[in-house]
Amino acid sequence: MSEQVITDRLLRSWLRCKRRAWLDRHGEPAQRLWSAHRALALSDQLASFQSLLPQKPGRGEAACAAAAPGVVGLRLHGQGPGGLAVQAHPALLERVAGPSVWGDHAYRPVLGRQGRHLTREHRLLLTLWGRLLAERQQAPVPQALVLAGGGRGLERQRLPLGSGLQRQLDEALERLAGDLRRPEPPPLVADRKKCVLCGWRGLCDQEASRLGHLSEVSGIGGRRRDLLLEQGISNLSDLAASDPAVLAEALAVHGEQHREVAAELVAQARVQAAARPERRAARPVPALPELARAPGVLLYDIESDPDARDDFLHGFVVVPRLPSADPLEAWPRRADPSWRYQPLLALQEHGEARLWLRLRRFLARYPGWPLLHYGETEAIALLRLARRQGAEDGEIEALRARLLDVHARLRRSWRLPVSSYGLKAVASWLGFRWSQAGVDGARCLLWWRQWRRDGGTARLRRIFTYNRDDNLATWAVVCWLLDQEA
Ligand code: SF4
Numbered sequence: 085m086s087e088q089v090i091t092d093r094l095l096r097s098w099l100r101c102k103r104r105a106w107l108d109r110h111g112e113p114a115q116r117l118w119s120a121h122r123a124l125a126l127s128d129q130l131a132s133f134q135s136l137l138p139q140k141p142g143r144g145e146a147a148c149a150a151a152a153p154g155v156v157g158l159r160l161h162g163q164g165p166g167g168l169a170v171q172a173h174p175a176l177l178e179r180v181a182g183p184s185v186w187g188d189h190a191y192r193p194v195l196g197r198q199g200r201h202l203t204r205e206h207r208l209l210l211t212l213w214g215r216l217l218a219e220r221q222q223a224p225v226p227q228a229l230v231l232a233g234g235g236r237g238l239e240r241q242r243l244p245l246g247s248g249l250q251r252q253l254d255e256a257l258e259r260l261a262g263d264l265r266r267p268e269p270p271p272l273v274a275d276r277k278k279c280v281l282c283g284w285r286g287l288c289d290q291e292a293s294r295l296g297h298l299s300e301v302s303g304i305g306g307r308r309r310d311l312l313l314e315q316g317i318s319n320l321s322d323l324a325a326s327d328p329a330v331l332a333e334a335l336a337v338h339g340e341q342h343r344e345v346a347a348e349l350v351a352q353a354r355v356q357a358a359a360r361p362e363r364r365a366a367r368p369v370p371a372l373p374e375l376a377r378a379p380g381v382l383l384y385d386i387e388s389d390p391d392a393r394d395d396f397l398h399g400f401v402v403v404p405r406l407p408s409a410d411p412l413e414a415w416p417r418r419a420d421p422s423w424r425y426q427p428l429l430a431l432q433e434h435g436e437a438r439l440w441l442r443l444r445r446f447l448a449r450y451p452g453w454p455l456l457h458y459g460e461t462e463a464i465a466l467l468r469l470a471r472r473q474g475a476e477d478g479e480i481e482a483l484r485a486r487l488l489d490v491h492a493r494l495r496r497s498w499r500l501p502v503s504s505y506g507l508k509a510v511a512s513w514l515g516f517r518w519s520q521a522g523v524d525g526a527r528c529l530l531w532w533r534q535w536r537r538d539g540g541t542a543r544l545r546r547i548f549t550y551n552r553d554d555n556l557a558t559w560a561v562v563c564w565l566l567d568q569e570a
């Protein structure tokens, strides 16, 4: 493809992050990581399309001429502002009343929306598709269609492609072309939360760490970074060298919450700059005192499909206590292959009552064993489930007392030299390795959806392995906390 052509994919990348579009064009393809998020988005979109048009769509120009109700695979060409060559490949075209070059019917572009709201990215992409389609079919495209969900829950939203959007598109295309002509990539995006969805994250993580980018400091998002830049603090070393009291006063003009976190940000930056963990309390107390007497613990991790609000797997690892009276000697520091792993699959068609029954039965086999989980998700989900299933107050309180959030206990006691306190970052810093390289929650969710659609025991096994590993990663954090008390 000519270096000059602007594609709809480049436009989508650019609307997410300017650097991403630049890397898409000029970056080394081998440095791009595969991301399950794209595959998940495409499978969601496919489900919406199948609900809209149950029959298989036709392909390309021939299908348009044959008046197929839906068409894929039509490549469109045209010119943008200043004679820019533009290409697009709409996800789906839906037949509407004509006339057009193909007869007494025409088409409009359709897109499957991810997330709850229509974004600028959706609008401008559809505007581009509509514009190029209008040229090809020699008939106007006054509106596009946006879908979300699938089956009986399919949402349809019409988007008028008016002159305001056309102007915004021209402006975006011009700026995109300008950014692609830069000799160097644009800077890292301010809010690096977006980077988890991007194939260039490996490359950009290295760059962020080389620069001491402020987003590398745990607790700093796009807004706080801007406030720190305004104060002349441009990287991690600057922040580590700041006076917390002076910074607190300077940030307080933007809101009390910023004053309150200033000291914490400086302390966190210092720990990261020194690459050494630091205890929070001058007089340390055990992070997990409940383990002193526990007969054993259950490690607990849930896998979820957040869009479907479906906690599809409740996985447990059973860790028995060793026969030692010394609480620090009582817990094995290495995962033992003989530990039982118990996955409880929650199939929606089986109903929640059945899941609750199985969970209760399983937990009743280990009375008084704490449930160790990382982050608040498991506690929230299990207690809500118990309440929905009519558990008595006493049972809910007993359950609540058994649930111990290792993440919260870690944060209460320690600052670590990590840019995130998520399980992946913390356990990796401790040297824990997941047995399936490169797998994350999105990949696991993709396997789940594929298993639901096509079955396959290998996929299910991979999901269980991932869930078991997350439990063992939690155990690695627990062991580290216990070792600090020795
Ligand atoms: S990883 Fe982040 S900064 Fe890098 S290109 Fe992707 S979105 Fe932009």
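Here this note's numbering is used: position 398 in the sequence shown is 482, and no number is missing along the way.
C-beta atoms are modelled at their ideal positions from N, C-alpha and C, and glycine is treated no differently.
| Item | Value |
| --- | --- |
| According to DSSP, residues forming a beta bridge with I547 | I547 is not bridged to any residue. |
| Same chain only: Cβ atoms within 6 Å of D554, ignoring 5 sequence neighbours per side | D385 |
| Three or more C-beta pairs below 8 Å linking the stretch 391 to 402 and the stretch 347 to 363 | no |
| Neighbourhood of Q88 by C-beta, 6 Å cutoff - its chain only, sequence neighbours within 5 removed | A169 |
| Residue span of the beta strand (DSSP E) that contains I464, given as start and end | Segment 461 to 472 is the alpha helix (DSSP H) holding I464; no beta strand (DSSP E) there. |
| Pick from T203, E348, A292 that is closest to D327, judged by C-alpha positions | E348 |
| Range covered by the beta strand (DSSP E) that runs through Q426 | 424 to 429 |
| Per DSSP, cross-strand counterpart(s) of E239 | A232 |
| Expected contact under 8 Å - CB spacing of V185 and Q222 to nearest Å | 4 Å |
| Beta-carbon proximity check, L209 vs D92, cutoff 8 Å | yes |
| Close Cβ partners of L160 (< 8 Å) along its chain, the five nearest in sequence each way excluded | Q171, A172, H173, P174, W213, L216, L217, E219, R220 |
| Backbone CA spacing between D275 and L257 [nearest angstrom] | 23 Å |
| Spatial distance of A346 from A324 (CA atoms) | 11 Å |
| Spatial neighbours of L430 in its chain, beta-carbon cut-off 8 Å, leaving aside the 5 residues before and after | Before going on, a small fix: residue 430 reads as Ala here, not Leu. Result list for A430: D394, D395, F396, L397, H398, E436, L439, in chain order. |
| Paired residues, beta bridge with E52 - DSSP | Residue 52 is absent from the structure shown; the chain starts at 85 and stops at 570. |
| Distance between T211 and L137 (C-alpha atoms, nearest Å) | 22 Å |
| Anticipated Cβ contact below 8 Å, A152 with P141, distance rounded | 6 Å |
| Distance CB(R552)-CB(A371) smaller than 8 Å | no |
| Spatial neighbours of G144 in its chain, beta-carbon cut-off 6 Å, leaving aside the 5 residues before and after | G157, L158 |
| Neighbour-count burial assignment, S503, 16 or more Cβ in a 10 Å radius | buried |
| Coarse secondary structure for I386, derived from DSSP in three states | strand |
| C-beta atoms of G154 and L176 nearer than 8 Å | yes |
| Whole-number beta carbon distance between L530 and V490, since they are thought to touch under 8 Å | Actually they do not touch by this definition, with Cβ atoms about 27 Å apart. |
| Same chain, Cβ closer than 8 Å to L382, neighbours up to 5 away in sequence not counted | F400, V401, V402, V403, L447, Y450, W453, P454, L455, L456 |
| Alpha-carbon spacing of Y505 relative to L298, whole angstroms | 16 Å |
| Contact set for M85: own chain, Cβ-Cβ below 6 Å, skip 5 residues either direction | A caution first: M85 carries a pLDDT of 46, below 50, which makes its placement in the model unreliable, though a value can still be read off. Once the five neighbours on either side are set aside, M85 has no close Cβ partner at all. |
| Alpha-carbon to alpha-carbon, L229 and L243 | 6 Å |
| Burial state of I464, where buried means 16 or more other Cβ atoms lie within 10 Å | exposed |
| Contact under 8 Å by Cβ, R418 with G380 | no |
| Proximity below 8 Å, CB of L231 to CB of V180 | no |
| Check: R309 C-beta below 7 Å from any heavy atom of the ligand SF4 | no |
| Rounded straight-line distance, which links the Cα of G246 to that of Q227 | 8 Å |
| Exposed unless 16 or more other CB atoms sit within 10 angstroms - verdict on K102 | buried |
| D254: first and last residue of the uninterrupted alpha helix (DSSP H) it sits in | 247 to 264 |
| Residue range of the beta strand (DSSP E) that includes D489 | 487 to 489 |
| Rounded C-alpha distance that separates A149 from G187 | 7 Å |
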